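A short worksheet on the structure shown next.
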Amino acid sequence: MIGEATRSEFAQDKSDDPVVKAEIDNFEREALAWRAGGGLGDDFRPFRLQHGTYGQRQANVQMMRIKVPHGTMTPDQLHAVADCADSYTVRKLGHVTTRQAIQLHFVKLEDSPKVMRRLAEVGLTTREACGHTVRNITADPLSGIADDCVFDVTPYAEAAMRYFLRNSVNQKLPRKFKITYSASPEDRGLIPMHDIGLMALDRDGEPGFRVSVGGGLGAAPRVADVLVDFIPVHEQLRTIEAVIRVWDRLGERRNKNKARIKFLIARLGIDEFRRLYEVELATLPPAGHPQYREPDFTLIEEAPAEASYASSHGRAAPRPGFDAWRRTNAIKQRQAPYHTVYVLLPIGDVSAEQMHALAEIARKYAGGHIRTAATQNLVLRWVHEDDLPAIHGELADIGLAEADALTISDVVTCPGADTCSIGVTSSKGLGTELRSRILAGNGRYRDPLVNDIKIRVSGCPNSCGQHHVADIGFYGMAIRSGERQLPAFQLLLGGSAQGEGRLATITMKIPARRAPDAFEKLLDAYVRERNDGERFGAWSGRVGTAHVQELLAEYKAVPAFNEDPMAYVDWGQTKLFTLDDMGEGECAV
Ligand code: HEM
Ligand code: SF4
Numbered sequence: 022m023i024g025e026a027t028r029s030e031f032a033q034d035k036s037d038d039p040v041v042k043a044e045i046d047n048f049e050r051e052a053l054a055w056r057a058g059g060g061l062g063d064d065f066r067p068f069r070l071q072h073g074t075y076g077q078r079q080a081n082v083q084m085m086r087i088k089v090p091h092g093t094m095t096p097d098q099l100h101a102v103a104d105c106a107d108s109y110t111v112r113k114l115g116h117v118t119t120r121q122a123i124q125l126h127f128v129k130l131e132d133s134p135k136v137m138r139r140l141a142e143v144g145l146t147t148r149e150a151c152g153h154t155v156r157n158i159t160a161d162p163l164s165g166i167a168d169d170c171v172f173d174v175t176p177y178a179e180a181a182m183r184y185f186l187r188n189s190v191n192q193k194l195p196r197k198f199k200i201t202y203s204a205s206p207e208d209r210g211l212i213p214m215h216d217i218g219l220m221a222l223d224r225d226g227e228p229g230f231r232v233s234v235g236g237g238l239g240a241a242p243r244v245a246d247v248l249v250d251f252i253p254v255h256e257q258l259r260t261i262e263a264v265i266r267v268w269d270r271l272g273e274r275r276n277k278n279k280a281r282i283k284f285l286i287a288r289l290g291i292d293e294f295r296r297l298y299e300v301e302l303a304t305l306p307p308a309g310h311p312q313y314r315e316p317d318f319t320l321i322e323e324a325p326a327e328a329s330y331a332s333s334h335g336r337a338a339p340r341p342g343f344d345a346w347r348r349t350n351a352i353k354q355r356q357a358p359y360h361t362v363y364v365l366l367p368i369g370d371v372s373a374e375q376m377h378a379l380a381e382i383a384r385k386y387a388g389g390h391i392r393t394a395a396t397q398n399l400v401l402r403w404v405h406e407d408d409l410p411a412i413h414g415e416l417a418d419i420g421l422a423e424a425d426a427l428t429i430s431d432v433v434t435c436p437g438a439d440t441c442s443i444g445v446t447s448s449k450g451l452g453t454e455l456r457s458r459i460l461a462g463n464g465r466y467r468d469p470l471v472n473d474i475k476i477r478v479s480g481c482p483n484s485c486g487q488h489h490v491a492d493i494g495f496y497g498m499a500i501r502s503g504e505r506q507l508p509a510f511q512l513l514l515g516g517s518a519q520g521e522g523r524l525a526t527i528t529m530k531i532p533a534r535r536a537p538d539a540f541e542k543l544l545d546a547y548v549r550e551r552n553d554g555e556r557f558g559a560w561s562g563r564v565g566t567a568h569v570q571e572l573l574a575e576y577k578a579v580p581a582f583n584e585d586p587m588a589y590v591d592w593g594q595t596k597l598f599t600l601d602d603m604g605e606g607e608c609a610v
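Under the working numbering, the first residue of the sequence shown is numbered 22, with each subsequent residue one higher.
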């Protein structure tokens, strides 16, 4: 029995670790030298990205991406992120990303080493969160606790994170590399769209993984191929390493737009890639070699000690809205009577104050077990059933007891043009408007099949909001109208990241201001036209693109500026749409 998730080394204080200390001191020196006009000069940018620090649309401020390996956090770690958001960001906000990291925006460059030091005290890092590296390693947030789990993948994801962090094989890759783990066939790790994905399997009692490679989104999306049907768990690190080494050697390096591993696999074919992988694998040390670290099985969580959860202190009376919240946001764990609670963060944002409060709520009710989810929510595990009314009440007190997690109103968005230097439109603006339409629908969207629809919005074709795997996806673009440009979204339908994965079909361009009306009409048509039990993706596939285009034709027209000037103002903005403030992309630097 454990009280809080601090047993494993994953959360240890790293501020005195000589490697970490020297790394941050070095970053600080280089940042100051660059500011003074010297130092690394143009090479400072890739160096900064290697340390998880991105440029922003706004001059002189940075976005810092904090890696949260397998999404697992302790209360102390969440407090540290909250401290950084509070002390070093203008808006005092954190943003949970579609890959389980947490981003801080509007950080001054000179403050970024302070952020790194505070994070190091609790074992967190921004190192290799950006740049051409192995990025944050993601995993199913319900690993080990959902009914359908084959086994808990957390220790394996942690071992991979520790193996590749600062590893020389991972410092100058052709492009970024994203690894994910799924604990069950539900595939909450989103394997089809990852560079490499490991799916937990049980083969006659032996735990292992099916390994898929070459998935990815962006302007040229691709669904992953299966590389190997089964590897025993202890083979995982050398398997990943062999894949990375083949790509590192043969991947495109000049044209960064063709450098992801998916392009290499598309060019060679999966059979030839597999042959090269097998040759590479044979050159690596065996799985038992000391260089391959053992998984840390203390990461496997157990029920919190009786005294650490609040049910022993008495029961709270349910507040209004409790039943609805419980239905959607509290998931029964395989370990009765525990539940996992989804804390819905609207479009992924959470304030410093809320993070501090959540850390204490997690300590009190969840044995300290916190995870970030790729759905941009926080997940509190190991909540005793008797504590659900109390935790709901405390979440309500901090404005985080919204029901309907993982339903149509739980819209996922990338940071978008509000902060992203290459963003075209405000994905958060459209996401917020869609959410408020859904919430204002007063039960119109209560239909279970409608409720199940997943909406994802990106501010440009790069797909950081993962629009390709949404039932209803949008990505931002600009439409020219005479001398002017107006914000618009491309509508995509019928995508899914589950099972074999399915990329959404590009359907039509719609001026941004009309997108919410088009969305509502689309939902009405789905409800009217679907067959019994037909899911949204099946309906949109059956009726086809031409039908939807005809249905939504009235929203396609581009109004002249003097007829509708507001069409030229993006969602959430007060001034006319412009791309003049767009910066240079850093994703391929
Ligand atoms: C041309 C440049 C870029 C490309 C091609 C690109 C592409 C992508 C893709 C395909 C994903 C999402 C799907 C996945 O998880 O694999 C992603 C994730 C993400 N991107 Fe970008 N991106 C670019 C630049 C940016 C910029 C400038 C920002 C914001 C400052 C940004 C923010 C994000 C975020 C927040 C995620 C989730 C990532 C994480 O937590 O690791 N991206 N990017
Ligand atoms: S999808 Fe485009 S706008 Fe959104 S964060 Fe990625 S690069 Fe920026």
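For every residue, glycine included, the Cβ atom is placed at its ideal position computed from N, Cα and C. If you're wondering where the values come from, they're calculated on a predicted model, not measured in any experiment.
Distances between the C-beta of glycine 558 and the heavy atoms of the ligand SF4 are all 7 Å or more. The beta carbon of alanine 567 sits closer than 6 Å to no other beta carbon from its chain once the five residues preceding and following it are set aside. Relative to the ligand SF4, the nearest heavy atom lies less than 7 Å away from the CB of glycine 444. In the DSSP assignment, threonine 74 falls outside any alpha helix (DSSP H) and lies within the beta strand (DSSP E) extending over 74-76. By the 16-neighbour rule on beta-carbons within 10 angstroms, histidine 126 is buried. For proline 316, the three-state secondary structure derived from DSSP is coil. Taken atom to atom, the span from the alpha-carbon of asparagine 398 to that of glutamate 149 is near 23 Å.
Between glycine 218 and glycine 229, the CB-CB gap reaches or exceeds 8 Å.
Under the three-state reduction of DSSP output, tryptophan 55 falls in the helix class.
Residue side-chain check: alanine 308 keeps its Cβ at 7 Å or more from all non-hydrogen atoms of the ligand SF4.
By the C-beta criterion, the stretch 154-170 is judged to be in contact with the stretch 347-361, since at least 3 inter-stretch pairs fall below 8 Å.
For arginine 465, no alpha helix (DSSP H) segment is defined, and its DSSP state is neither H nor E. Closer than 7 Å to some heavy atom of the ligand SF4: that describes the Cβ of glycine 437.
Bridge pairing for leucine 114: Ser372 [DSSP].
Here the alpha carbons of glutamate 227 and histidine 255 stand approximately 11 Å from one another. Sequence-distant partners of valine 432 (beyond 5 residues in either direction) whose C-beta falls short of 7 Å from its own C-beta, in its chain, are Ile368, Gly452, Leu455, Arg456, Ile476, Val478.
Taking 8 Å as the cut-off, the beta carbon of isoleucine 429 is found closer than this to the beta carbon of isoleucine 459. DSSP, read as helix, strand or coil, puts valine 89 in coil. A direct Cα-Cα distance of roughly 40 Å separates threonine 93 from lysine 542.
Rounded to the nearest angstrom, the gap between the Cα atoms of methionine 220 and threonine 175 is 12 Å. The continuous beta strand (DSSP E) containing glycine 497 extends over residues 493-502.
In the displayed model, proline 242 falls within coil according to three-state DSSP, outside both helix and strand. For the pair leucine 416 and valine 364, the CB atoms are nearer than the 8 Å cut-off. Pairing leucine 114 with leucine 140, the inter-Cα distance amounts to about 16 Å. Burial is judged here by how many other beta carbons sit within 10 angstroms of a residue's own beta carbon; serine 517 has at least 16 and is buried. With a cutoff of 8 Å on beta-carbon distance, tyrosine 386 and alanine 411 are scored as near each other.
Residue side-chain check: asparagine 278 keeps its Cβ at 7 Å or more from all non-hydrogen atoms of the ligand SF4. Here the stretch 591-602 makes no contact with the stretch 555-574; the two share fewer than three CB pairs at distances below 8 Å. Within the stretch 138-207, the complete beta strand (DSSP E) segments at least 3 residues long are 200-203, listed from N- to C-terminus. Looking at the DSSP output, methionine 214 bridges to nothing. Taken through DSSP and simplified to helix, strand or coil, threonine 361 comes out as strand. Look at asparagine 483: its beta carbon is less than 7 Å from one of the heavy atoms in the ligand SF4. Glutamate 131 and phenylalanine 48 have their C-alpha atoms roughly 10 Å apart.
By the beta-carbon neighbour count (other beta carbons within 10 angstroms, threshold 16), lysine 199 is buried.
Here asparagine 278 is exposed: its Cβ has fewer than 16 other Cβ atoms, across all protein chains shown, within 10 Å. Residue pairing by DSSP places isoleucine 252 opposite Phe230 in a beta bridge.
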